[in-house]
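What follows is a single structure, written as structure tokens, with notes after it.
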């Protein structure tokens, strides 16, 4: 693989940008400028790096790459070869393998208490990139969370608002106070996060939703908040509550996205 292509892929991974590789695995076209092994990168915004020959075929492959990024699925595609000017090349075909690179799930936990500790451990077991955010230095520290990837000390909501959040991001809000919880939720309720969960009672849920509606937050966003968070397994202890939440995250992993699923149900 060309080193420049690898460098671009590495840069994209570092800033959590999704992309797909498109590789010509077989070509029966004589004189084509790109042989088997030629690669192209397609980012989720549709921009390209590299080429597999240009023309109509490259445009078709780009569309498949964007689908692959959205669905998280690889695929092998066969095309009759068309040159850069759109002319057909009789009898010639190329086979292109498309492989999306989605990266690790980013699990952001707002809070550093007992539930957060159990959640962070389980998140690492699931190979998530785990970030802890808390405004208490005594809690948000390496001594308490030696296993996590990032520890951020500061006001939960303000720190959360500065982070890159996409569909590959899971957010769990479990701070030491209801007002902190609400501020965190307010800062991400319109985000593209794949999962937003809040530790909550039914009464707290009602109060939060009333406040958000009063601020003009549409129902389509409220329907995508998991509050109370976690599957109903009768959890009581911090560890059991964490298990119920991680079970919900696993359900999310095994689908495109719980939030996407809820949006689709709303629109259908």
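Residue numbers (our numbering): 991 to 1258.
Ideal Cβ positions, reconstructed from N, Cα and C, are used throughout, including at glycine.
Original post:
Do residue 1220 and residue 1166 have their CB atoms nearer than 9 Å?
Top reply: On the chain shown, position 230 is the one that residue 1220 refers to. On the chain shown, position 176 is the one that residue 1166 refers to. Taking 9 Å as the Cβ cut-off, residue 1220 and residue 1166 do not qualify as a contacting pair.
Original post:
Between which two residues does the beta strand (DSSP E) containing residue 1146 stretch?
Top reply: The residue given as residue 1146 occupies position 156 in the chain shown. It is not in any beta strand (DSSP E) - residue 1146 instead sits in the alpha helix (DSSP H) that spans 1146-1151.
Subject >> Chain-order list of residues whose beta-carbon lies under 7 Å from that of residue 1201 (same chain, five-residue window excluded) >> reply: Translated into the one-based positions of the chain shown, residue 1201 becomes position 211. Hits under 7 Å: 1172.
Original post:
Of the residues 1016, 1066 and 1026, which one's Cα is nearest the Cα of residue 1010?
Top reply: Against the chain shown, residue 1010 aligns to sequence position 20. Comparing alpha-carbon positions, the option among 1016, 1066 and 1026 lying closest to residue 1010 turns out to be 1066.
**OP:** Under 6 Å Cβ to Cβ from residue 1048, same chain only, skipping five residues before and after it: list those, please.
**Re:** Working through the chain shown from its first residue, we reach residue 1048 at position 58. For residue 1048, where only same-chain residues beyond five positions count, the Cβ hits under 6 Å are 1042.
Original post:
What residues are listed by DSSP as bridge partners for residue 1066?
Top reply: The sequence position of residue 1066 within the chain shown is 76, counting from 1. Residue pairing by DSSP places residue 1066 opposite 1087 in a beta bridge.
Original post:
Sorted by chain position, which residues of the same chain lie with C-beta nearer than 6 Å to residue 1212's C-beta, five sequence neighbours on each side aside?
Top reply: On the chain shown, position 222 is the one that residue 1212 refers to. Taken in chain order, the residues that qualify are 1199.
**OP:** Assuming residue 1217 contacts residue 1164 (C-beta within less than 8 Å), just tell me the rounded distance between them.
**Re:** Looking up residue 1217 in the chain shown gives position 227. Looking up residue 1164 in the chain shown gives position 174. About 11 Å; that fails the 8 Å criterion.
Subject >> C-alpha distance - residue 1143 paired with residue 1231, whole-angstrom precision >> reply: Here the question's residue 1143 lines up with position 153 in the chain shown. Here the question's residue 1231 lines up with position 241 in the chain shown. Approximately 24 Å between the Cα atoms of the pair.
**OP:** Would you grab the beta carbon distance between residue 1150 and residue 1174 for me? Rounded to a whole angstrom, and I think it's under 8 Å.
**Re:** Indexing the chain shown from 1 puts residue 1150 at position 160. Indexing the chain shown from 1 puts residue 1174 at position 184. Right, the Cβ-Cβ distance comes to about 6 Å (below 8 Å), so this counts as a contact.
Original post:
So what does DSSP say about residue 1017, is it helix, strand or coil?
Top reply: Here residue 1017 refers to the residue found at position 27 when the chain shown is read from its first residue. Residue 1017 falls in the strand class under three-state DSSP.
Subject >> For residue 1119: DSSP bridge partner residues >> reply: For the purposes of this step, residue 1119 is identified with residue 129 of the chain shown, where counting begins at 1. Note: residue 1119 sits in a beta bridge opposite 1096.
Subject >> Any beta strand (DSSP E) of 3 or more consecutive residues that is wholly inside the region 1131-1219 >> reply: 1140-1143, 1159-1163 and 1185-1188
Original post:
From 1135, 1083, 1196 and 1002, pick the residue whose C-alpha is nearest to that of residue 1105; which is it?
Top reply: Counted from its first residue, the chain shown places residue 1105 at position 115. Residue 1105 has its Cα closest to that of 1135, out of 1135, 1083, 1196 and 1002.
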